[in-house]
Amino acid sequence: MSKENKDLSDEILVGRIKKGDRDALEEIVKRYSQKIYNLALHVTRDAAAAEEIMQEVFLTILSKIHALTHDAYFSTWLYRVAMNAAYGYLRKERKYTEQTVSEDLENETAAEYDWSSLSDDILVSEESKDILRTSIDSLPDTMRMVVILKDVEGFKNEEISQALDLSVPAVKSRLHRGRLILRRALGDYFRRYSYSGAEE
Numbered sequence: 005m006s007k008e009n010k011d012l013s014d015e016i017l018v019g020r021i022k023k024g025d026r027d028a029l030e031e032i033v034k035r036y037s038q039k040i041y042n043l044a045l046h047v048t049r050d051a052a053a054a055e056e057i058m059q060e061v062f063l064t065i066l067s068k069i070h071a072l073t074h075d076a077y078f079s080t081w082l083y084r085v086a087m088n089a090a091y092g093y094l095r096k097e098r099k100y101t102e103q104t105v106s107e108d109l110e111n112e113t114a115a116e117y118d119w120s121s122l123s124d125d126i127l128v129s130e131e132s133k134d135i136l137r138t139s140i141d142s143l144p145d146t147m148r149m150v151v152i153l154k155d156v157e158g159f160k161n162e163e164i165s166q167a168l169d170l171s172v173p174a175v176k177s178r179l180h181r182g183r184l185i186l187r188r189a190l191g192d193y194f195r196r197y198s199y200s201g202a203e204e
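In our numbering, each residue carries its 1-based index in the sequence shown increased by 4.
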């Protein structure tokens, strides 16, 4: 039964869960537990909290899944539950901040850098990946989650809009500004790398 469930769509699995199928629930948990954990970890930056949130999310899903009227939208609903749980944790811990970023970023030339001259081993190095992770973590909370859902998890703008309860234009704006910040941070890093290499 479990092997059969691996090939089923979320929509079919959710329909079976609503009928009390525990195997279908087990498959959904396997399918999404790591993603929910990673998302919660990105928000809270706390492994223990992420684990707790992940468990809370699936308990919520189990208790409220009958309220989901469009089973095809399960993943979006699941992420929204996860986001609410994660932000709820931050508010409880008083760690949530609604930071803003200057609109002047739109005009900053510092964000522009020609990376084409850099070798692939530099671009995919562990140090470069660490710089990217650090830069993402430094983004304002809501902007960071838009970037993660879009560029890490591969969500569509409409799905992010539903998951974060934002308008699509707001999603596009935060994504654009977040990418500018990341491009600037990475550009500064690679520029310093190029300068240091030229001096050697």
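By construction, the Cβ of each residue, glycine as well, lies at the ideal position given by its N, Cα and C atoms.
Counting only the same chain and skipping the five closest in sequence on each side, list residues whose C-beta sits under 6 Å from that of residue i.
i: His46; result: Ile152
i: Tyr83; result: Ala167
i: Ile32; result: Leu17
i: Asp75; result: Glu15, Val18 and Gly19
i: Leu66; result: none
i: Arg183; result: none
Of the choices the options, whose alpha-carbon is the least far from that of residue i?
i: Asn88; options: Phe78, Thr73, Val61 and Ser171; result: Val61
i: Arg188; options: Val33, Ile65 and Ile140; result: Ile140
i: Tyr77; options: Asp134, Gln38 and Phe159; result: Phe159
i: Leu12; options: Ala28, Ala90 and Gln166; result: Ala28
i: Ile185; options: Gly19, Tyr36 and Leu136; result: Leu136
i: Ala86; options: Lys22, Asp169 and Glu15; result: Asp169
i: Glu97; options: Glu15, Asp50 and Lys34; result: Asp50
i: Gln38; options: Glu157, Ser177 and Leu179; result: Glu157
i: Thr80; options: Gly191, Lys154 and Arg178; result: Lys154
i: Ala90; options: Thr73, Asp134, Asp145 and Leu66; result: Asp145
i: Leu63; options: Arg95, Asn9 and Glu30; result: Glu30
i: Asp134; options: Asp25, Leu190 and Gln59; result: Leu190
i: Tyr36; options: Gly24, Gln59 and Asp25; result: Gln59
Residues in its own chain within less than 7 Å of residue i by CB, not counting five upstream and five downstream?
i: Ala54; result: Tyr41, Ala44, Leu45 and Thr48
i: Ser165; result: Ser171, Val172 and Val175
i: Lys34; result: none
i: Leu179; result: Val150, Val151 and Lys154
i: Tyr93; result: Thr48, Ala53 and Ile57
i: Ile21; result: Ala28, Leu29, Ile32 and Ile69
i: Asn9; result: Leu17, Asp27, Ala28 and Glu31
Looking at the structure shown, is residue i part of a helix, part of a strand, or coil, going by DSSP?
i: Ser171; result: coil
i: Arg49; result: coil
i: Phe159; result: coil
i: Glu97; result: coil
i: Asp141; result: helix
i: His180; result: helix
i: His74; result: coil
i: Ser13; result: coil
i: Gly19; result: helix
i: Gly191; result: helix
i: Gly92; result: helix
i: Asp134; result: helix
i: Asp27; result: helix
i: Leu186; result: helix
Buried or exposed for residue i, please, with buried defined as at least 16 other CB atoms from any protein chain shown within 10 angstroms of its CB.
i: Ala71; result: exposed
i: Glu162; result: exposed
i: Leu143; result: buried
In chain order, what residues of the same chain have a beta carbon less than 8 Å from the beta carbon of residue i, not counting five sequence neighbours either side?
i: Ser177; result: none
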